[in-house]
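Numbering of the sequence shown is given in this note's numbering, commencing with residue 132 and proceeding in unit increments. Glycine included, each C-beta is placed from N, C-alpha and C at the ideal position.
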Amino acid sequence: MPDLDFPYHFSGLGRTATTDRDDHIRDLIQQVLFTAPGERVMRPDFGAGLLSLVFEPNSTTLAAATSDDACCGRCEEHAALRVDVTYGAARPHDAQRELHRSGRRAVKFHCCDLRRLDVLRLSGTANAIDFLEVLDKGGPPAAPRQQTLFVRLLRPGFALTPDNIRITGGERITRIGIVWCAPANALPPQAEPGLVATVDDLARTLVVRTDSSGDFSTYTLSIVASSGSSNPPAGFDPRLSSIDFSFKVEGLGHLRLQLPAWSADRRPEARY
132 MPDLDFPYHF SGLGRTATTD RDDHIRDLIQ QVLFTAPGER VMRPDFGAGL LSLVFEPNST
192 TLAAATSDDA CCGRCEEHAA LRVDVTYGAA RPHDAQRELH RSGRRAVKFH CCDLRRLDVL
252 RLSGTANAID FLEVLDKGGP PAAPRQQTLF VRLLRPGFAL TPDNIRITGG ERITRIGIVW
312 CAPANALPPQ AEPGLVATVD DLARTLVVRT DSSGDFSTYT LSIVASSGSS NPPAGFDPRL
372 SSIDFSFKVE GLGHLRLQLP AWSADRRPEA RY
């Protein structure tokens, strides 16, 4: 059965215009993205309001508000669409980001030199960071959101302490402390039950608990020899011992904060 075309209009035959399924889905997405909250009287929370951001100054806040994670979340919420987004090759000096929206949401930040990583994987002996994943809503209820990092290393057998982990960057929140870190197969007693239930390689995964979830800007996690050193520990590749990432893997909540408030008691101002 054909779907109604958007915006509503009549076809050349004088009947209500219809369209195919692919175009109908495109119409649904456009309605969600370009409708301003409050524009629909009976559904004041409908819409992402992207048009109101067109002339906003460029910033990390704007980038987070217009991220694919946020926009896909709105489409899933209002248009009942399941959106799968996968980023391809990483840009130079930037982290590759993969987002999978089937079941638990997972965002993995990969290293910036995949070719060097492949060489180490096949013929090297040094350890290195393979990717980093921020645990958000997929964690156990007792675990604080966006404060658990799964750092996948190339090789098991590492012995790292909080003094070996340094997180730098940020704009509004620049000091990120390390509460504890441990291999996923040897968690400390304060770790929440079920914290690593979704980790598929416990021996190669370093679990890092931070004291803050940071802001919406980019951070860098580095594995260092000591708290006063900028060099990696012995046995770690110097170029692949740090990785860029963002704590804010769930952009939907932030997008809602950026939108104008609306309630049923609010009435539009009458101007004559």
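Where do the ends of the beta strand (DSSP E) carrying residue i lie?
{"i": "residue 352", "result": "350-354"}
{"i": "residue 282", "result": "279-284"}
{"i": "residue 339", "result": "336-341"}
{"i": "residue 310", "result": "309-314"}
{"i": "residue 377", "result": "Here residue 377 belongs to no beta strand (DSSP E), and DSSP marks it neither H nor E."}
{"i": "residue 265", "result": "260-266"}
For residue i, which of helix, strand or coil comes out of DSSP?
{"i": "residue 155", "result": "helix"}
{"i": "residue 97", "result": "No statement about residue 97 is possible, as the shown extent of the chain runs from 132 to 403 and does not include it."}
{"i": "residue 160", "result": "helix"}
{"i": "residue 333", "result": "helix"}
{"i": "residue 181", "result": "helix"}
{"i": "residue 236", "result": "Low confidence applies here, because residue 236 scores a pLDDT of 46, under 50, leaving its location unreliable; read the following figure in that light. Coil."}
{"i": "residue 165", "result": "helix"}
{"i": "residue 134", "result": "strand"}
{"i": "residue 143", "result": "coil"}
{"i": "residue 305", "result": "coil"}
{"i": "residue 269", "result": "coil"}
{"i": "residue 288", "result": "coil"}
{"i": "residue 347", "result": "coil"}
{"i": "residue 300", "result": "strand"}
{"i": "residue 186", "result": "coil"}
Taking C-beta to C-beta, are residue i and residue j nearer than 8 Å?
{"i": "residue 263", "j": "residue 281", "result": "yes"}
{"i": "residue 309", "j": "residue 339", "result": "yes"}
{"i": "residue 313", "j": "residue 320", "result": "no"}
{"i": "residue 271", "j": "residue 324", "result": "yes"}
{"i": "residue 287", "j": "residue 335", "result": "yes"}
{"i": "residue 299", "j": "residue 350", "result": "yes"}
{"i": "residue 372", "j": "residue 259", "result": "yes"}
{"i": "residue 332", "j": "residue 251", "result": "no"}
{"i": "residue 304", "j": "residue 345", "result": "yes"}
{"i": "residue 296", "j": "residue 352", "result": "yes"}
{"i": "residue 180", "j": "residue 168", "result": "yes"}
{"i": "residue 149", "j": "residue 159", "result": "no"}
{"i": "residue 151", "j": "residue 138", "result": "no"}
{"i": "residue 376", "j": "residue 265", "result": "yes"}
{"i": "residue 315", "j": "residue 330", "result": "yes"}
In the DSSP assignment, find the alpha helix (DSSP H) that holds residue i and state where it starts and stops.
{"i": "residue 360", "result": "Here residue 360 belongs to no alpha helix (DSSP H), and DSSP marks it neither H nor E."}
{"i": "residue 246", "result": "245-254"}
Using 10 angstroms around the beta-carbon of residue i, count the other beta-carbons present and answer buried if the total reaches 16, otherwise exposed.
{"i": "residue 277", "result": "buried"}
{"i": "residue 290", "result": "exposed"}
{"i": "residue 186", "result": "exposed"}
{"i": "residue 267", "result": "buried"}
{"i": "residue 147", "result": "exposed"}
{"i": "residue 261", "result": "buried"}
{"i": "residue 357", "result": "exposed"}
{"i": "residue 380", "result": "buried"}
{"i": "residue 240", "result": "buried"}
{"i": "residue 341", "result": "buried"}
{"i": "residue 166", "result": "buried"}
{"i": "residue 355", "result": "buried"}
{"i": "residue 143", "result": "exposed"}
{"i": "residue 220", "result": "Only weak support exists for where residue 220 lies, its pLDDT of 35 falling under 50; the value from the coordinates is given anyway. Result: exposed."}
{"i": "residue 182", "result": "exposed"}
{"i": "residue 365", "result": "exposed"}
With hydrogens ignored, establish whether the beta-carbon of residue i is closer than 7 Å to any heavy atom of the ligand FAD.
{"i": "residue 240", "result": "Among the components modelled here there is no ligand, and therefore nothing to report on the ligand FAD."}
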